[in-house]
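In what follows, a structure is listed as structure tokens, so that the remarks can point back to it.
Residue numbers (this note's numbering): 5 to 163.
Okay, structure coming up:
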């Protein structure tokens, strides 16, 4: 049952990625304004669309073969989807651009995501302190990397 869902969702994500990539390609390039090629409109969405195609096809192929990782039952718990939605909406609507600089908001988001998604397993294993340290390291490195890529490579001014 799960494999059939993986196949269907994989095709969905690949189709969505194709739509995003095609529409990104159709956006104006602004060459007449001598725009840096790394900052053209549609570049980042286009790359994300290509990644969605790739990962969607991988998921669909795994579903087709009936293969996939053996996640523990808690990995598919509905609370995870709700937590992901809450974290993303909180980051995008409440934190981003409303106070802390981008790097701090990104670090907070990553810290909470890693810490909260690992919480049940870490609590059961008695490794909450180690999990918090790991979450802080991931958050710091991730926020620094994302900030660097957007500001230095894509030349995007972040809030």
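We put the CB at the ideal spot given by N, CA and C, even for glycine. From a predicted model like this one, the values you see are computed outputs, not experimental measurements.
Are residue 50 and residue 17 close, meaning C-beta to C-beta below 8 Å? No. Outside cutoff.
Three-state secondary structure (DSSP) of residue 148: In this structure, residue 148 counts as helix in the three-state DSSP scheme.
Please confirm if the segment 31-39 is in contact with the segment 136-155, defined as three or more CB-CB distances below 8 Å between the two stretches. no
Return the Cβ separation of residue 12 and residue 56 in integer angstroms, given the expectation that the two are a contact with Cβ distance under 8 Å. Taking a contact as a CB-CB distance under 8 Å, the pair residue 12 and residue 56 does not count as one, their CB atoms being some 15 Å apart.
Where does residue 99 sit, in a helix, a strand or coil, going by DSSP? In this structure, residue 99 counts as helix in the three-state DSSP scheme.
Can you tell me where the alpha helix (DSSP H) with residue 57 in it begins and where it stops? Here the alpha helix (DSSP H) through residue 57 covers 47-69.
Could you check the C-alpha separation between residue 31 and residue 53 for me, to the nearest Å? 14 Å
Can you check which of these residues, 65, 59, 163 and 41, is closest to residue 109 by C-alpha distance? 163
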